[in-house]
Amino acid sequence: MPAPTVIIDLEKIEHNARFLTELCAGQGIEIVGVSKSVWGSVEISTAILNGGVSGLAESRLENIRKLRAAGFAVPLWLLRLPALSEVEPVVQLADISLNSELAVIGALSETALVQGKKHKIILMVDLGDLREGILPEDLFFFVEKILECPGVELVGLGTNLSCYGGVIPTEENLGRLVSYARQIEKRYHLRLRYISGGNSSSLPLLMAKKMPEGINHLRLGESILLGRETIGHSALDGVYQDAFFLEAEIIEKKRKASIPTGEIGEDAFGDIPVFEEKGEIERAIVGIGRADIDIAGIVPVDPGIFVLGASSDHLLLDITAARKFETGDVLRFSLNYSSLLRVMLSPSVTKKWQKSGEVDSYSQC
Ligand SMILES: *Cc1c(COP(=O)(O)O)cnc(C)c1O
């Protein structure tokens, strides 16, 4: 088996998508599946879609292009605000985009007219997290300007929380989003199809049955792929946390000191390393490194293994307390979101698809 390898269980992903879609549907909420952390993988997007989500959402145009080429018959959402310089491919490839800048919305409108289309937009409102979105006091001004753009259709309001500022979705802040939407509908005699109340960090509120009435849409990535909400990253009931595993091979195993010998300068990344004196320990080097993983975001599955550190291509482990391993043995690791992102992008990591416990095929995403 070529190592390192990420093993992807498509049935678990499909199950997670289905479970969360049904859970949300029970509260009148529609889901789009976010595949950005797996770089628009067509296999994984197919599994998410089989779970019943109403659309697929991506941050990057090149990934939307992949999804478009795969011919999925659902709306494709662009999550990251479109750049002014990319409005043409945005209109061509995405059905809906999230927006907050009038210059871009105007350009999308003109481009859509040229392409003989109407481009759907969600107006993003910043409820305090300080990532994307207009300020609430500018809402009417923006809506009026958007309604003057014949090439775009305002289909909803959206917000994004707990991404930059860590602001937790609440009845209060999401309630405000619903109230803004209702005010717009009344004032401009229109209907907003979507009130999009955020990402996986909104699930705890939904599970506590405290989601404000009127929120009818969520954009879910991490909860579908890794089975976790994103406020405290705790495991969600009813979904799998282990749809992804990384396997990598031990390329050296030796008993060595726990503290380096010699004068200590900076390591390969400019940090001064610190070490704990534990006497001689069993050390293993695994053939994967910071180029492929976020070392804070991998957890060895076998008990008694501790991550000591990593350089670009080498991962160092203390295996003293673990069962016996030899050079050539393959170790398993679970992945967090940022490691998943890197692993899926790394050309050195083989992707292996698995269904119902059986290995299906190898491929690069
Ligand atoms: C990434 C992203 C999501 C999905 O976030 P998860 O925490 O993975 O569910 C939703 N909306 C926007 C705008 C995003 O950028």
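In my numbering, the protein residues as written are 1 to 365.
Beta carbons: idealized from backbone N, C-alpha and C, even for Gly.
Straight across, the Cα-Cα distance linking Gly133 with Arg80 is about 11 Å. Inclusion of Ala57 and Val34 in the CB contact set at 7 Å is warranted, their separation being smaller than that value. Rounded to whole angstroms, the gap between the alpha carbons of Ile184 and Asp138 is 12 Å. The criterion of a C-beta distance shorter than 7 Å is satisfied by Gly221 and Ser37. The three-state reading of DSSP puts Val349 in coil, since its state is none of H, G, I, E or B. At a cut-off of 6 Å, the beta-carbon of Leu220 counts as near ligand 1: some heavy atom of the ligand is closer than that.
Residue range Thr5 to Asp9 is occupied by the beta strand (DSSP E) that includes Ile8. In this model, Glu110 and Ser41 are separated by some 31 Å (Cα to Cα). Straight-line spacing of the CA atoms in Glu280 and Ala296 works out to 24 Å.
With contacts defined by Cβ atoms closer than 7 Å, Ser339 and Ile288 do not form a contacting pair.
Residue pairing from DSSP leaves Trp39 without any beta-bridge partner. For Thr230, the Cβ falls inside the 6 Å cut-off from some heavy atom of ligand 1. Per DSSP, Ser179 is one residue of the alpha helix (DSSP H) stretching across Glu171 to Tyr188.
Spanning the alpha carbons of His233 and Ile298 requires a straight line of approximately 14 Å. Of the residues assessed, Leu84 falls on the exposed side of the cut-off, its CB having fewer than 16 other CB atoms within 10 angstroms.
Nearest to Leu135 by C-alpha distance, out of Phe141, Phe142, Val143 and Asp126, is Asp126. Taking a 10 Å sphere around the C-beta of Lys352, we find 16 or more other C-beta atoms and assign the residue as buried. The DSSP assignment places 280-286, 298-300, 306-310 and 315-318 as complete runs of the beta strand (DSSP E) inside the stretch 273-334, in order along the chain (cut-off: 3 residues). Per DSSP, reduced to three states, the secondary structure at Gly158 is strand. Counting only runs of 3+ residues, the beta strand (DSSP E) found wholly inside the stretch 39-87 occupies 55-58 and 76-78, in chain order. Under the DSSP assignment, Ser223 falls outside any beta strand (DSSP E), being part of the alpha helix (DSSP H) whose first and last residues are Glu222 to Leu226. Note that the C-beta distance between Val330 and Glu247 is below 7 Å. By DSSP's assignment, Ser97 forms a beta bridge with Leu78 and Ile121. In the three-state reduction of the DSSP assignment, Gly106 falls in the helix class. Under the 8 Å Cβ criterion, the stretch 14-28 does not count as touching the stretch 315-332, having fewer than three qualifying pairs. Per DSSP, reduced to three states, the secondary structure at Val167 is coil, with no helix or strand assignment. Per DSSP, reduced to three states, the secondary structure at Arg219 is strand.
DSSP places Phe140 within a helical segment (H, G or I) once states are collapsed to three. In this structure, the beta-carbon distance from Leu236 to Gly198 does not fall below 7 Å. Distance from the C-beta of Asn16 to the nearest heavy atom of ligand 1 is not below 6 Å.
DSSP places Leu206 outside any beta strand (DSSP E); the residue lies instead in the alpha helix (DSSP H), whose first and last residues are Leu203 to Met207.
Relative to ligand 1, the beta carbon of Ser200 is positioned inside 6 Å of a heavy atom.
Non-local C-beta neighbours of Leu345 in its own chain, meaning closer than 8 Å and more than five positions away in sequence, comprise Trp39, ordered along the chain.
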